[in-house]
Every structure is written in structure tokens, then in C-alpha cells.
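One line per chain: the protein sequences are S and L, in this order.
Counting from 1, one number per residue, gives the positions in the first sequence under this note's numbering.
Counting from 1, one number per residue, gives the positions in the second sequence under this note's numbering.
The beta-carbon is built from N, C-alpha and C at its ideal position, and this holds for glycine as well.
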Amino acid sequence: MNQGSLFKDLMLFLVFAGVVLAAPVLLAPLGANYPDLLQKFAIFGIFAIGFNILFGLTGYLSFGHAAFLGVGSYASVWVFKLLSMNVIPAVIFSVIVSGLFAFLIGFVSLRRSGIYFSILTLAFAQMSYNLAYSVLTPITNGETGLQIRQLAPSDRAADYVLNLRDEDLRILDQAFGVVEHGIPITNLFGIKMSGYPGFYFCAVLLILAFGLSILIARSNFGMMLKAIKSNQNRLSYTGINTRPYLIAAFVISGMFAGLSGSLLAVTDPLAGAERMQWTASGEVVLMTILGGAGTLVGPVLGATLIKFFENIFSAINDNVLQGVYSFLPDGLREAAVAVSGLFVGSGWHLTLGLLFMIIVIFLPGGLMQGFELITGRFKRKAKAETPSQQSKQPAE
Amino acid sequence: MENIVLHVNDVHKSFAGLHALSDIDLSIREDETHAIIGPNGAGKSTLLNVCIGRLKPDSGSVVFDGVTLTGKKPHEINQLGVARVFQTPEVFPDLTAIDNVMVPALAKRDGAFKMSLFKRLSREKDLRVEAERVLEDLGMADQMQQVASEMSRGNKRRLELAMSLIQKPRLLLLDEPTAGMARHDTNATIDLLQKIKAGGITTVIIEHDMHVVFSLADRISVLAGGRIIAQGTPDEIKDNPKVKEAYLGEEQV
């Protein structure tokens with residue numbers, strides 16, 4: 001495993017930051033340069049980076065990470081309702097709450113490993129999902145989802161006779177004398193978090209998250225996580241108590257998920273339980289494996305790719321397909337549209353499934369492995385041209 | 001030679017009615033190399049597993065340096081200074097040789113758990129130098145950057161030995177270090193173990209191969225049917241009729 005020098009890591013970080021900040025320009029040729037989509041790339045990039053800290057480094061496959069995403073969203077919307085529309089308190093609070101939640105779930109789930117661990121996390125996430133729809137309705141507002149409302153009239157706020165589902169408090173904003181007309185928009189000290197400012201807020205956090213993931217991967221702590229993945233039993237006979245390491249990794253990764261949940265609420269202040277469903281947990285698994293589990297850049301790449309294709313394929317409908325196949329004779333065209341129709345629109349998951357199968361079968365290391373194969377081939381070619389270097393290598 | 005490092009007191013262990021170990025009393029002295037031999041199924045591996053906390057004895061106790069090991073977790077026992085080398089080489093297959101050795105070095109320095117997020121492993125100069133030295137001593141200078149899964153079985157075994165030695169354990173447990181080796185490799189391993197022995201380290205070695213045992217051991221305990229039937233220096237064991245009957249007899253056919 002490549003340790004990576006400090007200089008190389010710094011370069012990687014800077015290039016990554018540059019690419020993310022320039023994304024609106026770089027993605028323009030693909031037509032993906034509008035803020036809503038770019039935000040999604042950044043948010044799910046953070047989610048996947050966090051998931052990769054657990055899965056990529058320790059090998060523990062959590063199937064319930066969407067629960068932390070959901071908890072992060074709910075926590076943020078509550079801060080928007082109670083304290084302030086400023087995003088800073090919301091983001092901080094979400095990360096803390098999802099961290100605590102991850103600690104509870106991790107503490108129990110990490111008693112087991114392998115498939116049993118995966119099933120425990122899945123069970124916890126589905127439990128959270130169902131609770132959000134039933135018992136926890138006062139907190140989650142059930143199927144309607146938790147939303148931001150207008151301020152409560154000041155006399156009722158003073159008496160604390162409130163229906164928080166329909167009216168908000170925003171104590172901090174009121175204390176600072178922020179004037180609201182109708183339903184307010186999330187902001188960062190006055191900068192509205194919609195459009196490009198919203199994207200850049202997410203982008204900065206994505207860059208920080210990426211930096212943190214490099215730090216973790218290269219640290220002594222990260223080495224222990226890799227050793228857990230490689231041979232956990234041996235590690236405990238080496239004098240390491242693996243459990244706290246695993247819990248720490250689980251909590252960190254839950255906090256990343258909470259951060260991305262919070263950012264979803266920042267860009268669209270509405271939290272619903274569907275964010276916690278197992279399909280959402282499965283999606284981040286796909287993103288990470290598609291990009292390359294255990295690599296630094298892979299998860300972000302996978303997240304971007306899946307969100308990009310989702311955006312394209314789910315927008316195609318039968319009319320578009322009719323246009324594409326207009327060169328075919330009538331009967332044939334109908335058949336072509338019917339078949340392709342299965343793979344687009346709401347059926348785009350079928351395309352995702354196929355894409356995933358192809359990658360896993362031919363590139364089990366994900367897209368990053370693909371890149372390595374390509375660059376490796378170039379390097380080998382370069383080496384073959386300098387035979388003196390070849391003779392240095394051992395005969396084997 | 002008077003200091004007792006490990007004391008096994010009256011240990012019993014049975015699996016579903018089968019007496020794997022009965023009345024085991026064993027004292028390992030400081031700096032000695034103590035071999036435990038015995039035919040297949042004699043209970044050698046069970047005894048070793050009891051010593052490292054993998055198995056809990058039904059009764060009796062294992063005391064290391066005044067501390068009872070019985071019921072302790074594997075990492076706690078290692079932190080006390082007991083290192084083990086497994087029968088089938090247990091390494092970190094995805095890591096390079098040097099990282100394989102760095103991990104136990106970190107465990108020794110930082111303890112069972114330390115959240116060191118801001119220390120880069122590549123900047124742990126002192127540990128790295130030490131790890132390189134241990135690998136060089138074991139003749140693995142060329143393989144430091146090799147990933148362990150790509151190594152031969154013999155090299156994995158040497159690597160595992162390096163992982164134990166870097167911790168400077170007070171007690172080293174070796175489980176059949178030459179199992180499945182060709183004669184040539186066995187001899188190389190014996191040389192290696194003799195070198196380690198010269199460095200002064202208390203070692204318990206479980207071994208099948210008489211050649212290995214007699215070239216290394218200061219004292220030998222012979223296990224048969226879950227009991228220690230004889231104990232003594234190699235010369236005493238060689239001449240012991242009970243041992244000949246239980247073990248050497250079948251070997252010398």
C-alpha cells in the first residue's frame with residue numbers, strides 16, 4: 001500500500017480543491033453546470049467520503065448509513081425552526097447529533113462483524129425509518145416531512161403555546177432582529193444559500209471533508225483501520241483493542257453522513273423520512289464501490305457519476321425516445337422506445353444496476369482501478385523503452 | 001535461571017467431555033527456551049491457546065509475571081508482553097512488510113488504543129528505523145516494500161516473527177514454526193531462532209520436529225493425552241522410556 005509522501009498528498013488536495021472550485025466551468029461542456037446539480041455532487045461526495053472511511057478502510061460494510069443522513073437533515077431543520085436560518089449552527093448541531101446517534105448504533109452493531117454487522121446496521125436504519133413515520137411524528141412530522149414555517153406571532157411565542165409544526169421560533173434570529181417576510185431562505189451571515197453561493201458552501205465543506213479523509217488515511221489511526229480490514233484477529237493479538245478503533249471510525253463516518261444530510265436541508269429546508277430508507281443506504285454503497293472503495297478520490301467520483309447519470313437518465317421520457325429513434329420505421333420504433341423506456345425515467349435504476357454489474361465484474365476495484373490500469377500501461381511502456389531499469393528488477 | 005516468567009497452575013480443560021488438558025503444571029523460567037512436544041492431539045495447541053487467553057481453562061490459572069492471564073482479552077495479554085507467532089502465518093496480507101512490522105511497533109508504543117489522527121505514519125522515523133532493523137536482522141531487507149500476500153509461506157513466517165520481535169516481548173510463544181517447511185527452510189528457521197535465542201528472550205516453542213526441538217530447547221515438556229508425562233533437559237527426555245513409548249517410538253519407526 002502506497003504511503004504517499006506529504007508533498008504528494010498536498011498536491012492531491014490542492015488539485016482536488018481546484019477541480020471542485022472550478023467545477024461550474026469544467027462541467028459546462030456536459031451541461032451539468034447548474035448549482036442544484038453541482039450541490040448534489042458535493043453533498044453526496046461528502047456522504048461517500050464518510051462512508052469510505054468506514055467501509056474503505058476497515059472493510060465493515062454498513063447498510064444503514066442513510067439513517068445518519070436523515071438524522072442530520074432533521075436536526076438541521078429543527079435548528080432552522082428554533083434558532084436561526086444561519087446555516088452554521090444547523091451544520092454544527094447536525095454533525096454532533098448524528099455523531100451521537102452513530103455512537104449508539106455503532107456500539108451495538110460493532111459487536112458483530114461481516115454480514116451480521118451489515119444486517120444489524122440495516123435493521124437499525126429501517127427501524128429509524130419506520131419510527132420517523134410513526135412514533136416520532138411529533139419530531140419528524142411524519143409523511144409530510146419537517147418544514148420551515150412562518151414565525152409564530154410574538155405573543156404566542158412568549159407564552160410558549162406553540163404548534164411547532166405550523167409555526168417557527170428562530171430565537172437567535174429574533175434576538176438579532178432579523179426581519180422576515182414570509183418563509184425565509186437559509187443563509188450564511190446574510191448570503192443566501194441558493195444558487196452558486198449554496199454550491200460554494202457545499203464545495204468548501206467537500207474540500208475540507210476530503211482533506212480530513214487524507215489525514216485519516218495517512219495517520220497512525222488510519223493504519224490501524226487498514227490493519228483491521230486486513231486481519232482483525234491478528235491485530236488483537238498484536239496488542240490492539242480493535243473495538244474503540246471501529247467505533248471511532250463508525251462515528252466519524254456517521255458524522256460525515258450527518259453533515260451531508262444537513263447540507264441537503266441547507267439547500268432545501270425540508271426533511272423527510274424517505275432519506276433514511278434502505279435504498280438511500282444502498283446508493284452510497286454503490287457510489288463508493290463504483291468509484292473505488294478504499295481510494296481517496298474514488299468515492300467522490302462514484303457519487304458524482306451516479307448523481308450525474310441519475311439526472312440525465314431520469315429526465316428522458318418516451319417523447320425524447322421517440323425523437324431519438326425517429327429514423328426507424330414505425331413498428332420498429334415503437335419496439336425500440338418500449339425497450340429503452342425501461343432503462344430511463346423512473347426506471348433509471350435498471351441502468352444503474354447494469355452499470356454497477358459491469359464495473360464490479362470487470363473492475364472490482366472501481367473506476368480508480370480502471371485509471372490505474374491505464375496509467376500503469378503507459379508506465380510499463382515507458383519502462384520497456386529503458387531496458388537498463390528492467391534488469392534491475394528481480395528475476396521473479 | 002530462578003525467575004519464573006510464566007506459571008501454569010493445575011489447568012484443566014475439556015471439550016464436550018473430552019479431556020484436552022488435565023493437571024497441567026508448567027513453569028517457564030526467564031531466558032529459557034522451553035519446548036512443548038507431543039504426538040498429534042496431545043493438547044499442545046490447546047495449552048498454547050489457554051496461555052494467550054484464546055481459551056478459558058475450566059479450572060486452574062495461568063500467571064504471567066505475577067498477573068493472572070486467565071480470562072484476559074488477547075490484546076491485554078499482548079500489552080503485558082506476551083507475543084505469539086501462529087502455526088499458519090498470520091500477517092496483514094494487504095499491507096507491505098514494513099507496515100506489517102510498524103503496526104505492532106505502534107501497538108507497543110501507543111498502547112491498545114490511541115486516537116492519533118494527526119500523526120502521519122510515514123513520519124514515524126524512530127519506529128521505521130527500528131522496523132527496518134528488525135526486518136534486516138531476519139534477512140528481509142529486500143522485501144520491505146513487498147505486500148505480504150505476495151510472499152512465500154516461509155517469508156510470511158519470518159515476517160510474523162519480525163512482528164513479534166519488534167515488540168521486545170517478555171515471552172514469545174511459537175506455534176510449530178517449521179510446520180509444512182522443507183528441510184532446507186527448516187534449517188534456515190533453526191538458525192534464525194538460535195539467533196533470537198542468543199539475544200536472550202524467553203521462548204515457549206511448540207514443535208513436532210524433533211530436530212528443531214533438540215537444536216533449540218533448554219528444557220522440554222512432553223505432552224500426551226492432555227497430561228505432561230515428562231519434563232527435563234533434552235538429554236533427560238531422550239532417555240525417558242515413557243517418552244519413547246508415547247512419542248519418539250512412533251517417530252523412530
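Neighbourhood of residue i by C-beta, 7 Å cutoff - its chain only, sequence neighbours within 5 removed
i, result
"Gly189/L", "In the sequence under discussion, the amino acid at residue 189/L is Thr, which differs from the Gly named in the question. Same-chain partners within the cutoff: Pro177, Thr178, Met181."
"Gly222/S", "Leu57, Ile216"
"Asp318/S", "Val337, Gly341"
"Glu143/S", "Tyr133"
"Gln79/L", "Gly111, Ala112"
"Leu83/S", "Pro89, Arg170, Ile171, Leu172"
"Leu290/S", "Gly302, Leu305, Ile306, Phe356, Ile359, Gly366, Leu367"
"Leu164/S", "Lys81"
"Leu212/S", "none"
Pick from the options that is closest to residue i, judged by C-alpha positions
i, options, result
"Tyr196/S", "Gly222/S, Ala22/S, Asp173/S", "Ala22/S"
"Val15/S", "Ile312/S, Met276/S, Leu296/S, Gly341/S", "Leu296/S"
"Val101/L", "Val134/L, Asp142/L, Lys238/L", "Val134/L"
"Gly72/S", "Ser253/S, Val108/S, Ile171/S", "Ser253/S"
"Asp99/L", "Glu334/S, Arg165/S, Met127/S, Arg218/S", "Arg218/S"
"Arg234/S", "Ile52/L, His34/L, Asp31/L, Asp58/L", "Ile52/L"
"Gln231/L", "His12/L, His7/L, Phe15/L, Asp25/L", "Asp25/L"
"Leu165/L", "Leu138/L, Met144/L, Asp191/L", "Leu138/L"
"Leu61/S", "Thr304/S, Ser213/S, Ser113/S", "Ser113/S"
"Ser122/L", "Asp9/S, Ile316/S, Met276/S", "Asp9/S"
"Gly154/L", "Leu192/L, Ala105/L, Leu172/L", "Leu192/L"
"Asp268/S", "Phe308/S, Gln232/S, Ser194/S", "Ser194/S"
"His65/S", "Val251/S, Gly323/S, Gly331/S", "Val251/S"
"Ile247/S", "Phe101/S, Pro329/S, Gly177/S, Tyr237/S", "Phe101/S"
"Gly258/S", "Phe210/S, Met276/S, Asn163/S, Phe378/S", "Met276/S"
"Ile49/S", "Thr242/S, Phe176/S, Gly292/S, Leu12/S", "Gly292/S"
"Asp94/L", "Ile361/S, Leu225/S, Arg243/S", "Leu225/S"
Cβ-based neighbour list, residue i, same chain, cut-off 8 Å, excluding 5 preceding and 5 following
i, result
"Phe63/S", "Ser118, Ile119, Thr121, Leu122, Ala125, Trp278, Ser281, Gly282, Val285"
"Phe86/L", "Glu160, Asp175"
"Leu151/S", "Ala157, Glu167, Asp168, Leu169, Arg170, Gln174, Glu180"
"Met1/L", "Legend: pLDDT at Met1/L = 45, less than 50; position of this residue unreliable, no value from coordinates given."
"Ser314/S", "Val344, Gly345, Ser346, Trp348"
Distance, residue j Cα to residue i Cα
i, j, result
"Leu215/S", "Arg120/L", "8 Å"
"Asn9/L", "Leu373/S", "58 Å"
"Val79/S", "Val97/S", "12 Å"
"Gly298/S", "Ile306/S", "12 Å"
"Pro39/L", "Glu236/L", "18 Å"
"Ser109/S", "Phe103/S", "10 Å"
"Ile53/S", "Pro89/L", "28 Å"
"Leu355/S", "Phe51/S", "20 Å"
"Asp58/L", "Gly302/S", "53 Å"
"Phe107/S", "Val87/S", "30 Å"
"Gly370/S", "Ile358/S", "12 Å"
"Leu208/S", "Asp126/L", "30 Å"
"Pro364/S", "Met287/S", "13 Å"
"Gln252/L", "Lys195/L", "Note that Gln252/L scores 45 on pLDDT, short of 50, meaning its location in the model is unreliable and no value can be drawn from it."
"Val20/S", "Ala198/L", "59 Å"
"Ala395/S", "Ala162/L", "With a pLDDT of only 39 at Ala395/S, under the threshold of 50, the placement of this residue in the model should not be trusted; the figure read from the coordinates follows. In a straight line, the C-alpha of Ala395/S is about 25 Å away from that of Ala162/L."
"Ile77/L", "Arg170/L", "11 Å"
"Asn187/L", "Ile220/L", "20 Å"
"Pro254/L", "Gln143/L", "What the structure shows of chain L is the stretch from 1 to 253, and residue 254/L is not part of that stretch, so it cannot be assessed."
"Lys114/L", "Gly41/L", "40 Å"
Expected contact under 8 Å - CB spacing of residue i and residue j to nearest Å
i, j, result
"Ile139/S", "Asp168/S", "Between Asp168/S and Ile139/S the Cβ distance is about 15 Å, and since that is not below 8 Å, they are no contact."
"Ala203/S", "Ala42/S", "5 Å"
"Ile205/L", "Ala35/L", "5 Å"
"Asn402/S", "Leu106/L", "Since the displayed chain S opens at 1 and closes at 396, residue 402/S lies outside it and no answer follows."
Where residue i meets chain A, residues with beta-carbon distance less than 9 Å
i, result
"Leu6/S", "Annotation note: the requested chain A is absent from the structure, which comprises protein chains S and L."
Own chain partners of residue i with C-beta closer than 6 Å, once the 5 adjacent residues on each side are dropped
i, result
"Gly226/L", "His19, Ala20, Leu21, Ser22, Gly43"
"Leu38/S", "Ala23, Phe199"
"Arg333/S", "Tyr325"
"Ile409/S", "Summary: the structure shown does not reach residue 409/S, with chain S confined to residues 1 through 396, and so no result is reported for it."
"Ala265/S", "Ser73, Ser76, Val77, Ala271"
"His7/L", "Ser27, Val63"
"Phe93/S", "Ala75, Val79"
One or two residues paired with residue i in a DSSP bridge
i, result
"Ala97/L", "BP columns for Ala97/L are empty, so no partner."
"Lys13/L", "Leu21/L"
"Asn187/S", "Asn86/S, Lys192/S"
"Ser152/L", "None; Ser152/L has no bridge partner."
"Gly232/L", "Ile220/L"
"Arg120/L", "Ser219/S"
"Ile36/L", "Ile206/L, Ser221/L"
Residue i: CB within 7 Å of a non-hydrogen atom of the ligand NAD
i, result
"Pro241/L", "Here there are no bound small molecules, and the ligand NAD is not part of this structure."
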